[in-house]
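Peer 1: Using the working numbering, read the sequence shown as starting at 138 and increasing by one per residue.
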Amino acid sequence: SVGVDISDTSLKYIALEPGKDKPYDLISWGDISIPTGVLSRGEVTEPKQLTAILAECKAKTGAEFIRVSLPEERAYLFETELKRSTPMKEMRSLLEFRLAENVPIAARDVFFDYTVLPFSSDKDRSMHVAVTAYAKETVQTYYEACLAAGLQPLSFEVEAQATSSIVNRPIYQ
138 SVGVDISDTS
148 LKYIALEPGK
158 DKPYDLISWG
168 DISIPTGVLS
178 RGEVTEPKQL
188 TAILAECKAK
198 TGAEFIRVSL
208 PEERAYLFET
218 ELKRSTPMKE
228 MRSLLEFRLA
238 ENVPIAARDV
248 FFDYTVLPFS
258 SDKDRSMHVA
268 VTAYAKETVQ
278 TYYEACLAAG
288 LQPLSFEVEA
298 QATSSIVNRP
308 IYQ
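1. Tell me whether the beta-carbon of F234 lies closer than 8 Å to the beta-carbon of Q289.
2. Where Q186 and P224 are concerned, what is the direct C-alpha to C-alpha distance, given to the nearest angstrom?
3. If you count every other CB in all the chains shown that lies within 10 Å of the CB of Q310, and 16 or more means buried, which is it?
4. At which residues does the beta strand (DSSP E) containing E201 begin and terminate?
5. What does the alpha-carbon distance come out to for the pair I260 and A152?
6. In angstroms with no decimal places, state the Cα-to-Cα distance between G140 and I164.
7. Below 8 Å between beta carbons: does that hold for T278 and P184?
8. Given F248, which residues of its chain have a CB within under 6 Å of its CB, disregarding the five upstream and five downstream residues?
9. Using C-beta distances below 7 Å, list every residue in its chain close to D250, excluding the 5 sequence neighbours before and after it, in chain order.
10. Would E210 pass as a contact of R262 if the rule is Cβ separation under 8 Å?
11. I need the straight-line Cα distance from L236 to S292, nearest angstrom please.
12. From the DSSP output, which residues share a beta bridge with P184?
13. Does the distance from the C-beta atom of T188 to that of A282 stay below 8 Å?
14. Is D246 helix, strand or coil by DSSP?
15. Based on Cα-Cα distance, which residue from P155, I190 and H265 lies nearest to A286?
16. DSSP on A212, reduced to helix/strand/coil?
17. Can you tell me where the alpha helix (DSSP H) holding K226 begins and where it ends?
This is the structure we're talking about:
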């Protein structure tokens, strides 16, 4: 897969593959300018032009699959605490209730994901959870532009998450 970062002014891409002497090798990277008005503060205002830019990325990289970093301007980020004893299967529904306190959009209109942060000590009775939420409409617009360009998105992440992910997980496809 190719990593793609989309901002109001440019689309940046990078492709890595497993390395022989190191964890991975850089195989391609680049930057495609996005004309003024295609995006405004992370909101897609010209979906057909964004599709054309994504198609150009596909042509330059030969990618079929991409991991997309979405503009942070459209994201809602917050940290919350849950009891450490909370079963994993209940965590998502508990966090959904916390959305109302932190996101000005109804939970039914939001896509969200979370990361349990490392414990500071084995004696902690609570766990800290970082939550990222986007309006479904925002994610759907980017998703449809990717599909129209012939690209299959594997993930959508906030830029900061995408950057930390590259450090914390191997890049294999």
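Ideal Cβ placement from N, Cα and C applies to all residues, glycine included.
Peer 2: So, to answer that:
1. no
2. 45 Å
3. Any reading at Q310 must be qualified, since the residue scores a pLDDT of 31, below 50, and its modelled position is unreliable; the value itself is stated next. Flag for Q310 reads exposed.
4. Looking at the DSSP string, E201 is not in any beta strand (DSSP E), and its letter there is neither H nor E.
5. Here residue 260 is Lys; the residue named in the question, Ile, does not match the sequence. So the two alpha carbons sit approximately 41 Å from each other.
6. 12 Å
7. yes
8. Y271, K273 and V276
9. T269
10. no
11. 21 Å
12. According to DSSP, which records beta bridges pairwise, P184 is partnered with nothing at all.
13. yes
14. helix
15. I190
16. strand
17. M225 to N239
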